[in-house]
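Residue numbers (our numbering): 526 to 1384.
Laid out in structure tokens, this is it:
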């Protein structure tokens, strides 16, 4: 790989494309941020009325609230309006105004670039304060008008600061206080003009200090206080002249101290107080004469205490306070007679509590407060009626649902419907008031049901439907016909009768009818037409007739009819949909119906010949769903219908061309469903939609198609600045435009905000906009060499009639290599790509996202 340098003393060759007025169509799209996500793949999604049902290999689901959340202290519910960090939150402290300072491993908060440190306002929005750090932040502490920050960084707020820094909260700037260390800072405490720091270091301001030190809060000078620990210090708590220290050490203040100890504030010598623990201490909190301790230990103060305990501040003995956590407690905070605990536990205080709990400070019993967070909580702070929890979690309000679940389509809340299977659910269909499930389970809905079951749509209980197939690999396909339920798999008996791979079942009892096609090998997909049942799988014969992986069975006789589209050798079909004497098929193939067709095709239901409809998917199609004059396809493709579409697309049912709808997922889609209007439900392996975190399930609206007129656009570079201008024709409820860039097309960083010019966000007249930023800033994010910006069509928002036109950009910029001083040089790698998009944000916080623009670096 070649490495190049961009020198500022260069010639700039600018290509600006000016477009005449024209019209095109662009569809509105919106992904619902707070719809539940799961902790495992979703294989099937269906809906009935206002309820969405899903099956897969997940064990639970909950609102999409990752990494940080404000939680009401009374209800335990998260504030879903709060912005979401895109990665782990390690530290949080109240800003004293209803908001919070957070630090961690994130690079965005609410879609805005915030590198490792940010402030969130009381209303849940991102504060404009944006100091940025070049590495992780581990701890935050406020004392008066100063915010102390510790972590792994070497630069923060635009200033060189090694691992430790202080901000003036009036100006928001790093102040002149300097206390550089040679290793990570994990904890900071301030008292009486002294800043106590702990971590994993051996030097601070050129003074030898092992893992713990004290600094003058005014000068930053290291004091003579010298407790030196022989291992990492995780937590420091100051109580008058006594300093409590916890971590991963066995020597502290010149004495043997296992993981916890106390030293005096004068010279750092260890006090006689010595509770001892058998594992790392991570956090401490004080109430009266009791010190509460959290960590990785199972004994504390001479008694068995799993991960959380209390010791007397005089004797060091364990108090008779037993919370009984079943896993590590990372963080604790005391407020109003309650001890809030966060960690990786699922049981604490005698109750089931996932990752966070409120315990009575006197009894150690868990209160009824139960936010239920999935995965780890690393930081907790309390302010008034809110607790802010930070960590590595994906959801707040998590519900256990084993392999099958239901969600309210309006509110996004997980319903009480909980059949709880004991194995994967791969397929769901609905017929009247029954949800039929197929998969690899043996119990579901509270009953023994082997691989296939009927479930009451109200209470989730198993119905009397019980076909009980004999295979050992599960039922792979299930379909609801006009009068019957069809089941496909690799069984040889089902519904009390000998049936090979395919059966027609009574929807009430599950008994097999006399209909008996006798398919020789596994059936994977089924759909009922007007006069026949169409099937696909790995079979080679139906009713003794040769049929390679696809065929049809007469609805009346149960015998194979003459329909025989065929597939290429090793071709497979995974989805079948019937409409108007046409069978639409998706799978992995290159020939069917006598024609070359890549992975998706339409086949005449009478002749078996492929129609002219040919979307030509680049890879496997797993799911198809027809809605009106469109067919939605999900799979593993990156292009379909003549357009770039990642894993999910909408196709015109007449032409096969992709519509403008383009939700941009990052991994394959197993299942697509729609409610008949504008709501698209998708399940699969994906974890992002539009670059936003969405684990395995998403609800994406496809509202309407509107005409957009582009009147003018241009882009140019002048005096090392990149300028972009655009025009909107009409706006509704618009707040601002957020210009974003990304190095990988997934994690985008904001490089600028442009406020709407529309009065109150509404305008029916064209408005002109412009944006410019330093070319150096762009280059530092990966722009260099020959940049080519692709055409940038725009989408609009979801819930309202929103006509929003935005100019597209064609821009190629060649930076020619020329000599300059070394300090003017920026490096980049040939072949690297940078991605650009603009996000339009409504006044209610809803967002519309442009297509992603690829920027390529070339020699």
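Virtual Cβ for every residue (Gly too), placed ideally from N, Cα, C. Remember, it's a predicted structure, so these values are computed and weren't measured experimentally.
Contacts around residue i, its chain only, beta-carbon distance under 7 Å, and the 5 residues preceding and following it disregarded
i           : result
residue 619 : 625, 906 and 908
residue 889 : 846, 847, 848 and 874
Contact check, residue i vs residue j, beta carbons under 7 Å
i            : j            : result
residue 1037 : residue 1013 : no
residue 1294 : residue 1279 : yes
residue 589  : residue 566  : no
residue 693  : residue 705  : no
residue 871  : residue 885  : no
residue 1140 : residue 1128 : no
residue 1022 : residue 1011 : no
residue 1098 : residue 1075 : yes
residue 739  : residue 733  : no
residue 560  : residue 937  : yes
residue 941  : residue 587  : no
residue 1044 : residue 1064 : yes
residue 868  : residue 876  : no
Sequence-distant residues of its chain with Cβ nearer than 8 Å to residue i (five each side left out)
i            : result
residue 660  : 641, 676, 677, 678 and 679
residue 1286 : 1256, 1257, 1258, 1259, 1260, 1367 and 1368
residue 652  : 624, 643, 644, 645 and 646
Assumed close pair residue i, residue j - CB separation to whole angstroms, cut-off 8 Å
i            : j            : result
residue 903  : residue 916  : 4 Å
residue 898  : residue 928  : Not a contact, Cβ separation roughly 21 Å.
residue 1274 : residue 632  : 7 Å
residue 792  : residue 751  : 7 Å
residue 722  : residue 742  : Between residue 742 and residue 722 the Cβ distance is about 11 Å, and since that is not below 8 Å, they are no contact.
residue 1130 : residue 1107 : 6 Å
Residue closest to residue i, alpha-carbon to alpha-carbon, out of the options
i            : options                   : result
residue 577  : 1284, 722 and 933         : 933
residue 964  : 930, 1282 and 977         : 977
residue 995  : 918, 940 and 1015         : 1015
residue 1154 : 1164, 1184, 1161 and 1137 : 1184
residue 647  : 621, 919, 1112 and 638    : 621
residue 1027 : 742, 1086, 1049 and 1117  : 1049
residue 1202 : 744, 1156, 910 and 594    : 1156
residue 1047 : 1008, 1009 and 1003       : 1003
residue 575  : 586, 939 and 802          : 939
residue 628  : 1009, 1045 and 614        : 614
residue 1216 : 1207, 1192 and 1089       : 1192
residue 599  : 798, 896 and 1226         : 896
residue 981  : 755, 685, 955 and 609     : 955
residue 1083 : 1071, 1057, 1091 and 1105 : 1057
residue 825  : 839, 814 and 804          : 804
residue 1194 : 1181, 1209 and 1186       : 1209
residue 746  : 1225, 702, 880 and 715    : 702
residue 785  : 894, 792, 1085 and 821    : 821
residue 1171 : 1181, 1180 and 1145       : 1145
residue 1040 : 674, 1024 and 1032        : 1024
Own chain, CB closer than 6 Å to residue i, minus 5 neighbours either side, in chain order
i            : result
residue 1214 : 556, 1188, 1190 and 1223
residue 972  : 987
residue 671  : 691
residue 725  : 708, 709 and 757
residue 859  : 810 and 812
residue 637  : 651 and 1275
residue 975  : 967 and 993
residue 1081 : none
residue 760  : 712, 771, 808 and 809
residue 569  : 580, 952, 953 and 1196
residue 1151 : 1102 and 1104
residue 999  : 964, 965 and 976
residue 1053 : 1006
Beta-ladder partner(s) of residue i, from DSSP
i            : result
residue 1199 : 1205
residue 1256 : 1288
residue 1097 : 1113
residue 644  : 626
residue 1159 : 1148 and 1173
residue 1388 : The displayed coordinates of the chain run from 526 to 1384. Any statement about residue 1388 would go beyond what the structure contains.
residue 956  : 959
residue 786  : 770
residue 693  : 671
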